[in-house]
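Number of protein chains: 2
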Amino acid sequence: MTDTVRVLLVDDEPLVRSGLRAILGAELGIEVVAEADDGVAGVAAATQHRPDVVLMDVRMPQLDGITATQRILERVPNTRVLVVTTFSADDYVLDALRAGAAGFLLKRADPAQIREAVRVVARGDAVLFPTAVRRLVAHATPQPRHEALLATLTDRERDVLRLLAAGRTNAEIAAELWLGVETVKTHVGNVLAKLGARDRMQAAIFAYESGFSDAVSGL
Amino acid sequence: MTDTVRVLLVDDEPLVRSGLRAILGAELGIEVVAEADDGVAGVAAATQHRPDVVLMDVRMPQLDGITATQRILERVPNTRVLVVTTFSADDYVLDALRAGAAGFLLKRADPAQIREAVRVVARGDAVLFPTAVRRLVAHATPQPRHEALLATLTDRERDVLRLLAAGRTNAEIAAELWLGVETVKTHVGNVLAKLGARDRMQAAIFAYESGFSDAVSGL
DNA sequence: AGCCGGCTCCCCCGACCGGGTGAGCCGGTT
DNA sequence: AACCGGCTCACCCGGTCGGGGGAGCCGGCT
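From first to last, the protein sequence lines stand for chains E and Z.
Using our numbering, read the first sequence as starting at 370 and increasing by one per residue.
Using our numbering, read the second sequence as starting at 370 and increasing by one per residue.
Given below as C-alpha cells:
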C-alpha cells in the first residue's frame, strides 16, 4: 500500500532540480529515480524508468512541458504528471489539463506542500488551483437566471425545445414526437413567448447557454 | 507559516467522527476543534469556531452536506470544505464543486491520504478525483475534428458564422458588417457548404460545439 | 497578360418559419 | 357545473431562409 513513490524531475535549471531532490529525497517513501533537463530527455527518462510521478517544468528548451506531458502519458499511462509553474493564473493550465496533467505545483510552495502534492497525485487524486477549478466549474454550470424561465415550460414544450435546439425543423420534431406540424408550431410559439426569444435560433442559444442541451451531459 | 490546521468534523455517524479524530488528532499541526452530527449543527459549529478545514459528509439528516457547505462558505468564506464521499463517481460531485467545495475524500482512503488531503486544502489547493477533472476539462475543450473544417473558412465567412451563431438574421449581419444582405446570403451559403450544414441552425450548433462561439471564453 | 480565389452585389423561387386566431379534448380545481 | 391549463390540430399571411444562377472588382500567382 505505502510503496515508495518513484519520482522523475524534469526542469532545465539544475538548481531547481537539486532543490526538489533535496526536498523529496530526504522524505521517507519518496525516491527520485531520475532527472532530465529538457522535454525530450524527460520523455526518454519517463519511458525508461516508468516513474509514479513526474515533476514537470513548463518552460523548457527543445520541448515544452505540456507537449512532453502529452507524450509521456501516451507511452506510460500510469504515470501522474505534476506541472510545476510560477503563477497559478497562467494560460497553459487548461492546456496542461487537456494534456492529462494530474495537478499543479507553485515553484514558491514550501517543502511540506511539495511533498504532500506528490503523495496526493501518486495516490491518484488531482491537485488543482482553486481558481482553475472555479473556472472549469463555471464552464459546466448553467446560468441560474435561466433556470426560472426554463421552469415555466411544460413537459411537452421542453421536449420541443430539446429537439429544436438540436437543429430539427418543425416537421422533424413533429415526426419524432408523433405530432402534427401545426401542434409543433404551437409549442414552438409558446416556447418563444415564454423564453422571450425572437426566433428558434435565440431559443436554441438560450438552451445551450443554460446547459439545457448539453453535449456532455453525464456530469 | 506552518500554523496548526483547525478542523471541524461533520458526520452523522459517531464512529466515523471518532475515526477521523483519531487519525487527524494524532497528527502534529492538525487539531480537531469541533464535531457536528448534522448539517445544521455543522453550519453553527463552523460559524462559531471558524475552522480552516471542514470534513463534510454528504448524506445527513436535516441538512445535507452540499447545502451545508454552501451555507458555511457564505458565513465563513476562508474555510475550505473537504467533502467525504463513498464513491468517486457520485452525481453530487459537480453540485459540491458548485457549492464551493475544495475537494473530495473517499471514506475508504487510508490515514496518510486523509491527512495529506487536509493539509493540501488547508494550504489553498483543491483535491479532486481525476475522473471529475477529466469531465470538467472535456466540457471546456472544443472537439478537434471541428477545427479542420473551421480552418477552411475565410475570414469573412468566420465573421458571418460568429454573428450567425449569435442568432443574428442575415439583415442584421449585413448591418453589422456593413454589407448588402445579398452578400451575407452568399457568405452564409458558403459557410453551410463548407461545414456540411443543412441550415444556419446546424451551423450555429457546429459553432457552439466546436467552441467557436464560447460564452465563457476566459479560460 | 491570364488565371484564380475572395469579396461584393443582384434576381428568382420554393420552402420553411413565426404570428395571429380559433377550436376541440381532457383532467384537475373551485 | 363551470372553469382553467395543457395538449392537440387547423388556416392564413408576411417574412426570412437557402439554393440556383450570374456578374463585377481586386490582389496575388503563374
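Positions of the beta carbon are idealized from the N, C-alpha and C atoms, including for glycine.
Closest to residue i by CA distance: which of the options is it?
i	options	result
glycine 434 (chain E)	E:Arg467, E:Arg525, E:Gln571, E:Leu389	E:Arg467
threonine 438 (chain Z)	Z:Arg428, Z:Val450, Z:Met429, Z:Pro430	Z:Val450
leucine 564 (chain E)	E:Arg537, E:Val452, E:Glu545, E:Thr521	E:Thr521
leucine 519 (chain E)	E:Phe581, E:Ala535, E:Glu485	E:Phe581
leucine 432 (chain Z)	Z:Gly394, Z:Arg477, Z:Val409, Z:Leu546	Z:Val409
valine 427 (chain E)	E:Pro446, E:Ala405, E:His418	E:Ala405
valine 401 (chain E)	E:Gln482, E:Leu378, E:Leu474, E:Leu475	E:Leu378
arginine 503 (chain E)	Z:Asp464, Z:Leu424, Z:Leu474	Z:Asp464
valine 487 (chain E)	E:Ala576, E:Phe473, E:Ala543, E:Val412	E:Phe473
leucine 505 (chain E)	Z:Arg386, Z:Leu393, Z:Arg375, Z:Gly469	Z:Gly469
valine 453 (chain E)	E:His418, E:Val462, E:Met425, E:Ala391	E:Met425
alanine 391 (chain E)	E:Arg484, E:Arg440, E:Ala413	E:Arg484
aspartate 380 (chain E)	E:Val412, E:Val374, E:Phe575, E:Ile399	E:Val412
valine 374 (chain E)	E:Ile542, E:Ser579, E:Glu545, E:Val489	E:Val489
valine 560 (chain Z)	Z:Glu578, Z:Gln482, Z:Ala534	Z:Ala534
serine 579 (chain E)	E:Ala507, E:Ile542, E:Leu546	E:Ala507
Who does residue i pair with in a DSSP beta bridge?
i	result
threonine 454 (chain E)	E:Leu475
methionine 425 (chain E)	E:Val379, E:Val452
glutamate 541 (chain E)	Looking at the DSSP assignment, glutamate 541 (chain E) forms no beta bridge with any residue, so it has no partner.
valine 560 (chain Z)	According to DSSP, which records beta bridges pairwise, valine 560 (chain Z) is partnered with nothing at all.
valine 374 (chain Z)	Z:Ile399
Would you mind sorting residue i into buried or exposed? The rule is 16 or more other CB atoms within 10 Å of its CB.
i	result
leucine 397 (chain E)	exposed
arginine 569 (chain Z)	buried
proline 420 (chain Z)	buried
leucine 442 (chain E)	buried
alanine 566 (chain E)	buried
threonine 455 (chain Z)	exposed
arginine 444 (chain Z)	exposed
alanine 517 (chain Z)	exposed
threonine 448 (chain Z)	buried
glycine 549 (chain Z)	exposed
arginine 477 (chain E)	exposed
glycine 536 (chain E)	buried
aspartate 460 (chain E)	exposed
aspartate 479 (chain E)	exposed
leucine 384 (chain E)	exposed
alanine 573 (chain Z)	buried
methionine 429 (chain Z)	buried
glutamate 551 (chain Z)	exposed
alanine 495 (chain E)	buried
aspartate 407 (chain E)	buried
glutamate 382 (chain E)	exposed
valine 585 (chain E)	In this prediction, valine 585 (chain E) has a pLDDT of 42, which is less than 50 and means its spatial position is unreliable; nothing more can be read from the coordinates.
glycine 394 (chain E)	exposed
methionine 370 (chain E)	The predicted position of methionine 370 (chain E) is uncertain, since its pLDDT is 45 and thus under 50; a value taken from the coordinates is nonetheless stated next. Methionine 370 (chain E) should be labelled exposed.
glycine 587 (chain Z)	Residue confidence for glycine 587 (chain Z) is low, a pLDDT of 42 falling below 50, so the modelled location carries little weight; the figure read from the coordinates is stated next. The residue in question, glycine 587 (chain Z), is exposed, as its Cβ has fewer than 16 Cβ neighbours within 10 Å.
glycine 558 (chain E)	exposed
glutamine 417 (chain E)	exposed
alanine 562 (chain E)	exposed
alanine 471 (chain Z)	buried
alanine 540 (chain Z)	exposed
Between which two residues does the beta strand (DSSP E) carrying residue i extend?
i	result
alanine 403 (chain E)	399 to 405
valine 496 (chain Z)	495 to 497
How far does the alpha helix (DSSP H) with residue i in it reach, from first residue to last?
i	result
glutamine 431 (chain Z)	Neither: glutamine 431 (chain Z) is in no alpha helix (DSSP H) and is coded neither H nor E.
glycine 411 (chain E)	408 to 418
leucine 530 (chain Z)	524 to 534
leucine 466 (chain Z)	461 to 468
alanine 481 (chain E)	480 to 491
phenylalanine 581 (chain E)	Counting along the chain, phenylalanine 581 (chain E) falls outside any alpha helix (DSSP H), and DSSP gives it neither H nor E.
Check whether the region 524 to 535 of chain Z and the region 520 to 538 of chain E touch, using three or more Cβ-Cβ pairs below 8 angstroms as the test.
The region 524 to 535 of chain Z vs the region 520 to 538 of chain E: no contact.
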